[in-house]
Amino acid sequence: MKIFLDTANLESIRKFNDMGLLDGITTNPSLLSKEGGNPKDAMAEITKIIKGDVSLEVVSTDYSGMMEEGKRLREYGKNVVVKVPMTPDGLKACKSLSSQGIPVNVTLVFSPNQALLAAKSGAKYVSPFIGRLDDIGQDGMHLIKEIKEIFSNYKDSFTTQILVASVRHPMHVVDAAKIGADVVTLPPAVLEKMLSHPLTDIGLENFLSDWEKLKKGNPDVKI
Ligand code: E4P
């Protein structure tokens with residue numbers, strides 16, 4: 207399963223990229239707004255740091271506006287995936303951009319039928335938002351299971367990847383991997399939590415204190 211970071215925060219992107227963990231990035235207007243500053247600088251920098259796919263989202267809601275913005279966004283780099291909303295105009299833009307060789311991520315997907323239609327329109331990725339479904343008392347992960355089953359039934363005709371979005375905690379990641387989702391996009395805080403375990407911290411502390419004891423009898427010893 208590929209791991210994308212769901213952020214426009216350059217510090218987090220550099221940090222996790224230096225650990226070799228990132229296959230790509232997803233952004234949206236809210237994430238860019240959270241960072242402040244000029245979004246153009248952030249988008250340019252992200253596409254430079256990351257070699258894999260970087261989703262940058264349009265803000266127009268009509269077909270021609272999305273096409274114009276999609277082409278402009280693609281100028282940031284060959285790794286740019288244009289993110290369009292799951293609307294009739296979004297799907298029309300998805301079809302046109304995809305047929306011109308520009309990959310598209312259809313975002314704000316909340317039902318299996320929306321995912322099916324996005325795949326029919328030629329999307330490279332569909333982004334089902336599981337956390338937002340959980341927030342309203344529905345089972346976000348069930349949506350991933352349904353989309354996976356549908357795409358698997360037609361794997362000879364669909365190449366669309368399931369990009370699990372709106373992830374809230376590490377168990378979402380485990381469950382998405384068990385289902386066989388193609389990608390998860392994670393807020394930095396979730397990736398941070400996945401890295402750590404209290405037994406790792408205690409184990410390391412013990413190793414270091416035992417080493418200090420050993421050093422008392424061997425003051426010059428080095429590893
Ligand atoms: C995905 O591409 C979206 O940017 C994101 O996952 C939305 O998550 P949220 O529901 O936490 O805003």
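Letter by letter, the sequence shown follows residues 207 to 429 in my numbering.
Ideal Cβ placement from N, Cα and C applies to all residues, glycine included.
Task: Stretch pair the stretch 368-379 + the stretch 330-340: three plus CB contacts closer than 8 Å - done: Contact between the stretch 368-379 and the stretch 330-340 is present, because at least three Cβ pairs lie under 8 Å.
TODO: Name the two residues that bound the continuous alpha helix (DSSP H) containing Lys-354.
DONE: In the sequence shown, the residue the question calls residue 354 occupies position 148. Looking at the DSSP string, the run of the alpha helix (DSSP H) that includes Lys-354 is 346-359.
Open item on the list: Can you tell me whether Pro-291 is buried or exposed? The criterion is at least 16 other CB atoms within 10 Å of its CB, across all chains shown.
Closed with: Within the sequence shown, the letter at position 85 stands for residue 291. So Pro-291 counts as buried.
- [ ] Could you spell out the range, first to last residue, of the alpha helix (DSSP H) harbouring Val-269?
- [x] Your numbering for residue 269 matches position 63 in the sequence shown. Before going further, note that residue 269 is Tyr rather than Val in the sequence given. Per DSSP, Tyr-269 belongs to the alpha helix (DSSP H) from 269-280.
Task: heavy atom of the ligand E4P below 7 Å from Thr-267 C-beta - done: Position 61 of the sequence shown, counting from 1, holds the residue named residue 267. Every heavy atom of the ligand E4P is 7 Å or more from the Cβ of Thr-267, so no.
Open item on the list: Just list the residues that DSSP pairs Ile-459 with in beta bridges.
Closed with: Look at the range of the chain in this structure, 207 to 429, and you will see that residue 459 is not part of it.
Task: Helix, strand or coil at Thr-366 according to DSSP, with G and I counted as helix - done: Residue 366 sits at position 160 when you count from the first residue of the sequence shown. Residue state, collapsed to three classes: coil.
- [ ] With DSSP as the reference, please indicate the residues paired to Phe-335 in a beta bridge.
- [x] Locating residue 335 in the sequence shown gives position 129, where the first residue counts as 1. DSSP, once it has assigned bridges, lists Ala-371 as partnering Phe-335.
Open item on the list: What does the alpha-carbon distance come out to for the pair Pro-376 and Phe-210?
Closed with: In the sequence shown, the residue the question calls residue 376 occupies position 170. In the sequence shown, the residue the question calls residue 210 occupies position 4. Between Pro-376 and Phe-210, the C-alpha separation is close to 14 Å.
Open item on the list: Spatial neighbours of Arg-374 within its chain, please: C-beta separation below 6 Å, excluding the five flanking residues on both sides.
Closed with: Along the sequence shown, one-based indexing puts residue 374 at 168. Cβ-Cβ distances below 6 Å link Arg-374 to Gly-337 in the same chain, with the five nearest sequence neighbours on each side left out; the list follows chain order.
Task: Beta-carbon proximity of Leu-297 to Leu-279, cut-off 8 Å - done: One-based indexing of the sequence shown puts residue 297 at position 91. One-based indexing of the sequence shown puts residue 279 at position 73. Taking 8 Å as the Cβ cut-off, Leu-297 and Leu-279 do not qualify as a contacting pair.
Open item on the list: Please determine whether the Cβ atom of Ala-321 lies at a distance below 7 Å from any heavy atom of the ligand E4P.
Closed with: Start at 1 with the first residue of the sequence shown, and residue 321 comes out as number 115. Every heavy atom of the ligand E4P is 7 Å or more from the Cβ of Ala-321, so no.
Open item on the list: I'd like to confirm the pairing. Which residues does DSSP put opposite Val-380 in its beta bridges?
Closed with: If you number the sequence shown from 1, residue 380 lands on position 174. None; Val-380 has no bridge partner.
- [ ] Rounded to whole angstroms, what's the CA-CA distance from Val-265 to Gly-307? Just pull it up for me.
- [x] Counted from its first residue, the sequence shown places residue 265 at position 59. Counted from its first residue, the sequence shown places residue 307 at position 101. In this structure, the alpha-carbon of Val-265 lies about 21 Å from that of Gly-307.
TODO: Check whether the Cβ atoms of Asn-311 and Lys-326 lie closer than 8 Å to each other.
DONE: In the sequence shown, counting from the first residue as 1, residue 311 sits at position 105. In the sequence shown, counting from the first residue as 1, residue 326 sits at position 120. No, the Cβ-Cβ distance between Asn-311 and Lys-326 is not below 8 Å.
- [ ] Indicate, with yes or no, if the ligand E4P has a heavy atom lying under 7 Å from the CB of Thr-313.
- [x] Start at 1 with the first residue of the sequence shown, and residue 313 comes out as number 107. Answer for Thr-313: yes, Cβ within range of the ligand E4P.
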